[in-house]
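In what follows, a single structure is set out as C-alpha cells and then discussed.
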Amino acid sequence: MDCSLVRTLVHRYCAGEENWVDSRTIYVGHREPPPGAEAYIPQRHPDNRIVSSKYTFWNFIPKNLFEQFRRIANFYFLIIFLVQLIIDTPTSPVTSGLPLFFVITVTAIKQGYEDWLRHKADNAMNQCPVHFIQHGKLVRKQSRKLRVGDIVMVKEDETFPCDLIFLSSSRGDGTCHVTTASLDGESSHKTHYAVQDTKGFHTEEDIDSLHATIECEQPQPDLYKFVGRINVYNDRNDPVVRPLGSENLLLRGATLKNTEKIFGVAIYTGMETKMALNYQSKSQKRSAVEKSMNVFLIVYLCILISKALINTVLKYVWQSKPFRDEPWYNQKTESERQRNLFLRAFTDFLAFMVLFNYIIPVSMYVTVEMQKFLGSYFITWDEEMFDEDTGEGPLVNTSDLNEELGQVEYIFTDKTGTLTENNMEFKECCIEGHVYVPHAVCNGQVLPSTSGIDMIDSSPGAGAREREELFFRALCLCHTIQVKDDDDVDGPRKSPDSGKSCVYISSSPDEVALVEGVQRLGFTYLRLKDNYMEILNRENDVERFELLEILSFDSVRRRMSVIVKSATGEIYLFCKGADSSVFPRVIEGKVEQIRARVERNAVEGLRTLCVAYKRLVPEEYEGVCALLQAAKVALQDRERKLAEAYEQVEKDLILLGATAVEDRLQEKAADTIEALQKAGIKVWVLTGDKMETAAATCYACKLFRRNTQLLELTTKKIEEQSLHDVLFELSKTVLRHSGGLTRDNFSGLSADMQDYGLIIDGAALSLIMKPREDGSCGNYRELFLEICRNCSAVLCCRMAPLQKAQIVKLIKLSKEHPITLAIGDGANDVSMILEAHVGIGVIGKEGRQAARNSDYAVPKFKHLKKMLLVHGHFYYIRISELVQYFFYKNVCFIFPQFLYQFFCGFSQQTLYDTAYLTLYNISFTSLPILLYSLMEQHVSTDTLRRDPSLYRDIAKNALLRWRVFIYWTFLGVFDALVFFFGAYFMFENTTVTSNGQIMTTNTHMIFGNWTFGTLVFTVMVFTVTLKLALDTHYWTWINHFVIWGSLLFYVVFSLLWGGIVWPFLNYQRMYYVFIQMLSSGPAWLLIILLITVSLLPDVLKKVLCRQLWPSATERVQSTKLKASVAAAPGTDGPLLKDLLPRPRRH
C-alpha cells in the first residue's frame, strides 16, 4: 500500500483544516470532459437549501435545555431543585422549581419564536423559483433543488440564488452591474466581468454547448477573495485556461442591476455560499459590569456555603446536649438513629444550602437580559441621531454592551470617512513643478463663472507639453471607474465639457474626484467599451487605448497600475499611488520639486497621490504578461505570487507629477472630540495617511491644540538615533513636566500640565512590537505605553489594518486594562473594531463592512458624543443600580432566615411561607427595578451634553467597586437585623390562651410562627421598594404606577392567599394570618417604625455625603433642585411623551 496516501489523509483530517489546501472541480452543465483530458471524478456537494434556524421540531426541547443549563446560575438552581426532590428539605421543591421553570420557559418561548421566524424565512428563500438550462431549454425549479454545476439564468433585479461564475450577459462587453447591499450594505453598483471565452454565448443553446471545467478553492467566508481557473475545451485541442477572481464571481444575495440577463454556473450552493458562511456570529464580548456581576455572585455563593456550614456545625453542637436531638414531639426512627454521622451532617448541610439558596438571585439574569434588550431601543429611537442627508439612523447589533458605552477610556478612530466626510474635492495637480488649480468642480457639480484653468505659476514650455498631456491621460486611464448614463442612476453628474450627461461610479471617492478634476483641465474619460478605454482630449478628438492589464490597488502596496496600448501601438504602464509607495520606484523626473509640493499640500491637510509611468517594448510586455498570467492562474498562494509579480513590474518608473484632493472635516467633529476629551477619554487617530496630512486634520478637529507640544516617534527620527535613545528621550520629556508621576488617564486637559501629542508611524510601531534579540519585547512596549499615558492625544499614521488592531490590543492588555472603543467606516477598520471592547461602525461611503462587523453603528462621527455621554452614562447608572439592588434585596430576604435558625434549634424551619419564597423575586420586587433600569435619569440629557466632565464620575466601573458593593451588602444586613429583631422584641412576651392560641402579653396579638414571618416579610417588601423610590430621581406616572402598584399587589395577594378574598383558598398554614396581623394596631405602628428605621441610615449617608463630599453629578443635582424650587410653582412633571423617544420618521 502506498504510505504517502495514508500520510496525506492523516495530515488532512487530523492536522486541521488550516494546514492543508484543497480545491474542487466543477463540471459546467454536468458535462464530462473530453476523453483523455482528465479523469471524471463526480463530487458530492450540498443542495441549495439555506438553513439559518438553530432547532428542529425534534431537537428543540433537548437542545434548548442543554444550552440554557450551560449557564452557571441555571445549572446551580437545577442542582438545588434536584436536592429538594431527593432529600427531606425544609422548603418545597416548588420554591426553587417554579422560578427556574419560569426563567427557562420564558427564555425557551423567546428563542423558539425567533427560530420559528427563521424557519419561515428559510422556507420562503428555499422555495423561490429559479431558471436554469437543461438540454438547451430554460426550465424553472425551486431554489433548494439547484446543484453545483447547474447553469443558471438570472434576470434584471433578481437576486442570485447561489454563488455563480459569470459566463455571459446580455451586454455586448460581457459585463454586468450588481449591488451587494444585503451582503455588505454597499448600495453602489459594482461591475463584474464574464469569462473572456464564454462572454459571446448569449442563447440557451450556446450556453448548453459549453464544454468546460472549473477548478477553485473550497468554500471560505471572505466576500472579497476568490481563487480559481476555468478550462474551456474547444474541439480536441488543449483546453484554454483562464484565471478566475472575485471580479468573475456573483455572490448569493447580490442583485443584478442595469443588465437584462446573465448566465452563470453554480459553484457554491446552500450552506457553502459565502453569504451562509458569514452567518456565523462574531466572538462574544463581555462587559465590565457582567464580569463584576459574576464576581459578586461568587462572593455570595461563598457567603451561602459559609452560612450553611455554620448552621450545620451549630446544629450538632446544640444537639450534643441530652434530649435536644430527640424532643418528645419529634422522636427519631431506628433507621435514623443508625445512619452514619457524616452522612447525616452532609444531608443537613445540603438542607441548609436549599434553605438559604435564595441569596443567589436567579431572576437577576432575566431582568438584566430584558433591561439590555429593551434599553437598546432608546438608541435606535433617538431622532437626534438620525441623519436626514443619508436617511440612516443608529443601529444596535448587540445589546450586551450597552453599559460599556459609559465606561470608555480610550477611543481609536479612523480618519478618512470617520473624522472627514470622505467627500473628495480635486484641489490641484503639480506636473513637473507647474501647479494647476481647477477649483471649479466640487463633487460633480460645476460652480458658476469658473471655466478654464487657473495657473499658479507660468505655463510650461513646449518640451514639457508632452509630459503634461501624458499626466492627464494617466489620470483618465489609471482607475476602475464605471460610466453610466444618467437614465441609469439618480442624481447624475454631468460632464462639464461634453454634451453627454454621465455619472462616474467607483468604490473609491478619490478616483471620481480625480477624473472629474482632470475633466476641467481638458481631458474627459468617456467609457470602457470592448476592452478599449476612450477619452476626449483638448481638441475634442476621441483617443482609444486598449486595456491590457489592471494591477489592482491594495492597502499593502498602496498603489495601482494599468497597462494600456495606444492607437499608435505604444504600450504604457501608468502607476498611481501614495508618495511613499511611488517615490522609491522612480528613476527619473523632477522628484525634489514634486516632493516639496506634496509635503506642502500634506501640511495643509490635503490627500496627495503621485503619478508615474514607463514605456514597455513588446518583448518586455510579453515577459510581464507571462509573469502576471502565471500568478493569476495559481490556485495556491495566488495573492503572494501576484504581489511579487506586481513588485517586479512596477519599477524603474518616470515621475510625472502629483495630485491633491481635499477631504473636508465632518460636521461637529471638532466639538465631539473636545467634548470627549473633557469627559476624560483619550482619543487616538489611526490612519493610513501620511504624517503631515493626518497632523493637519488633527489640528483642524482640535485633537492637537496650539499649545500642544508634538513628539515624533517616526522612521525618520529612528534613522537619526536608535529606537532605544528616541524612546528614552521622549520618556524624559513627558515625565519631566509631570514631576516623575504618570499623568492620570483623565487629566488630559489639565491646565497645570504641558499638553503633549505623540505622532508614531507604522514602521516605528513594527520596531516597538518586534521581539528583541534576547527574545523580549516588553521593555520597549512598556516605555512606549508610559509615553502614551502622558500624552493627551496620539496620532498613528501609515498604519496597515492589522497594525490598527495591534495598537488597540496593546492598550487593551496594558496593566490598567482600560475599556477601549474603536470607530471606523471602512473594511480596513474591521480588525480594530473587532479587537476593541466596543466596536462602532460609521455608515459611510466606503461600504458597510465596518457597520456590519460592529457592535453599534452611527451615521456620523458627531453622534458618538450623545451615544457615550448621554446613552452610555444612563445605561451604566441604571444597570449598576439594578445589580447592586438585586443583591441588596436578597440579603434583606435571606438574612432573617439565617437569624431565625438560632431561635428554632437549627431545625431548618422556614421563616416565610412557600408562596412568599417563590414570588418575592418574581412578582413582588421585580417590576419596580426593571422600570427604574429602563427610565432613570439622575440628571437631564441636556446637562450631560453640556457638562461632559460628569462622565468621569462613573469612570473605571465606579458604581460597582468593592467599596460600593460592601456598603450595599452591609445595608442589607442592617435592614435584615432591624426587620427580624424589631418583630422579635414585639413578640418577646407571650402567653397561651384557654383555647391553645399564643398571644402577646403587651399587645394582645394572636401570635404564631407564620404571623412572625409574615410581619418580617411585609416590612421587608415595603422597605426595599421604598428604598428604590428614594433612589429614583426621574418620576413619571409609570414609576408611580409600578412602585405603588407592586405594594398594592402584595397586599391583595396576601389577602387572597390567606383566604380573605377567595375563601376556597383556605391554605391551612396562612389561613387568616395576614388579616389577623393587620387587625392589631401595634403591628401597624411597628411596620411603620421598622420601615423608617431601616431607611434612615441610607438617607443620612446620602445627606452627609452630598454636604461634605459631593460628586460633580450631585453638585449639578443640587443646583437643579434649587433652581426648580426658585421657579414658579405649578409646573408639570415630566410626561410619558417626554420620557419615551418618538419613533423615527422615514
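Its first residue numbered 1, the sequence shown is counted upward by one per residue in my numbering.
By construction, the Cβ of each residue, glycine as well, lies at the ideal position given by its N, Cα and C atoms.
Since the model is a prediction, treat every value here as computed from it, not as a measurement.
Buried or exposed (CB count within 10 angstroms, at least 16 for buried), residue i
{"i": "ILE819", "result": "buried"}
{"i": "PRO584", "result": "exposed"}
{"i": "PRO62", "result": "exposed"}
{"i": "HIS873", "result": "buried"}
{"i": "GLN648", "result": "exposed"}
{"i": "THR1147", "result": "Any property of residue 1147 remains undetermined from this structure, which presents the chain solely from 1 to 1146."}
{"i": "ALA124", "result": "exposed"}
{"i": "GLN280", "result": "Annotation note: pLDDT 48 at GLN280 (below 50); position unreliable, coordinate value reported separately. Under this definition GLN280 is an exposed residue."}
{"i": "GLN806", "result": "buried"}
{"i": "GLU674", "result": "buried"}
{"i": "PHE965", "result": "buried"}
Reference residue i, options the options, closest by Cα
{"i": "ASN397", "options": "PHE386, ILE379, PHE553, PHE226", "result": "ILE379"}
{"i": "ILE505", "options": "LEU655, GLU392, ALA645, LEU528", "result": "LEU528"}
{"i": "ALA955", "options": "ASP637, GLU403, TYR55, ASP115", "result": "GLU403"}
{"i": "ALA1083", "options": "THR1025, LEU1030, PHE1012, LEU1028", "result": "PHE1012"}
{"i": "PHE545", "options": "GLN629, SER399, LYS565", "result": "LYS565"}
{"i": "ASN311", "options": "GLN338, GLN897, GLU599, LEU146", "result": "GLN897"}
{"i": "VAL978", "options": "ILE681, LEU1015, PHE965", "result": "LEU1015"}
{"i": "THR107", "options": "GLN68, PRO90, ARG118", "result": "GLN68"}
{"i": "ASP579", "options": "THR943, ILE571, ALA596", "result": "ALA596"}
{"i": "GLY393", "options": "HIS863, VAL1099, TYR984", "result": "HIS863"}
{"i": "GLU409", "options": "TYR900, GLY905, SER792", "result": "SER792"}
{"i": "LYS54", "options": "LEU547, ASP47, PRO46, ASN64", "result": "ASN64"}
{"i": "GLN1090", "options": "LEU1048, ALA276, PHE985, ALA630", "result": "Residue identity differs from the one stated: residue 1090 is Leu in this sequence, not Gln. For LEU1090, the nearest C-alpha among the options comes from PHE985."}
{"i": "GLU620", "options": "ASP652, GLU639, ARG640, ALA345", "result": "ASP652"}
{"i": "SER292", "options": "GLY680, GLN884, HIS135, GLU215", "result": "GLN884"}
{"i": "LEU395", "options": "ALA857, SER923, CYS904, PHE57", "result": "ALA857"}
{"i": "GLU835", "options": "LEU1030, ILE811, GLN909", "result": "ILE811"}
Contact check, residue i vs residue j, beta carbons under 8 Å
{"i": "GLY174", "j": "ALA194", "result": "yes"}
{"i": "LYS315", "j": "ASP348", "result": "yes"}
{"i": "THR367", "j": "LEU917", "result": "no"}
{"i": "LYS475", "j": "VAL437", "result": "Position check: residue 475 holds Leu in this sequence, whereas Lys was assumed. Against a cut-off of 8 Å, the Cβ pair of VAL437 and LEU475 comes out as no contact."}
{"i": "ALA645", "j": "LEU656", "result": "no"}
{"i": "TYR1208", "j": "GLN709", "result": "In the structure as shown, the chain starts at 1 and stops at 1146, and residue 1208 therefore has no counterpart that could be examined."}
{"i": "LYS155", "j": "LYS261", "result": "yes"}
{"i": "LEU727", "j": "THR697", "result": "no"}
{"i": "SER1046", "j": "LEU927", "result": "yes"}
{"i": "ASN921", "j": "SER363", "result": "yes"}
{"i": "ILE550", "j": "GLY270", "result": "no"}
{"i": "VAL794", "j": "MET832", "result": "no"}
{"i": "LEU374", "j": "VAL838", "result": "no"}
Cβ distance (whole Å) where residue i is taken to contact residue j below 8 Å
{"i": "LEU100", "j": "PHE75", "result": "Between PHE75 and LEU100 the Cβ distance is about 10 Å, and since that is not below 8 Å, they are no contact."}
{"i": "PHE861", "j": "THR418", "result": "5 Å"}
{"i": "PHE356", "j": "ILE929", "result": "Actually they do not touch by this definition, with Cβ atoms about 22 Å apart."}
{"i": "TYR233", "j": "HIS211", "result": "4 Å"}
{"i": "VAL1103", "j": "LEU931", "result": "So it is not a contact: roughly 26 Å between Cβ atoms."}
{"i": "THR941", "j": "VAL1021", "result": "Actually they do not touch by this definition, with Cβ atoms about 33 Å apart."}
{"i": "PHE1158", "j": "HIS189", "result": "In the structure as shown, the chain starts at 1 and stops at 1146, and residue 1158 therefore has no counterpart that could be examined."}
{"i": "GLY149", "j": "VAL265", "result": "7 Å"}
{"i": "THR255", "j": "ASP157", "result": "6 Å"}
{"i": "ILE133", "j": "GLY29", "result": "7 Å"}
Any non-hydrogen atom of the ligand NAP closer than 7 Å to residue i Cβ
{"i": "GLY517", "result": "Absence of the ligand NAP from the depicted structure is noted, as is the absence of any ligand whatsoever, leaving it without description."}
Any chain D beta carbon closer than 8 Å to residue i
{"i": "MET153", "result": "The structure shown contains no chain D; it is built from a single protein chain."}
Extract the residue ranges of the alpha helix (DSSP H) inside the stretch 83-167, only unbroken runs of 4 or more that lie entirely within it.
Segments of the alpha helix (DSSP H) lying fully in the stretch 83-167: 93-126.
Alpha helix (DSSP H) runs contained entirely in the stretch 844-926, provided each spans 4 or more residues
The qualifying runs are 849-853, 863-866, 873-900, 914-919.
Pick out the complete beta strand (DSSP E) segments inside the stretch 766-846, 3 residues or longer, and give them in chain order.
Here the runs fully enclosed are 793-797, 820-824, 838-842.
Ranges of the alpha helix (DSSP H) found wholly within the stretch 517-598, counting only runs of at least 4:
Counting only runs of 4 or more, we get 579-582.
Every unbroken alpha helix (DSSP H) inside the stretch 246-283 [4 residues or more]:
With a minimum length of 4 residues, the continuous alpha helix (DSSP H) runs that stay inside the stretch 246-283 are 274-277.
Segments assigned alpha helix (DSSP H), at least 4 residues, entirely inside the stretch 315-382:
334-338, 341-356, 363-375, 377-380, all fully within the stretch 315-382.
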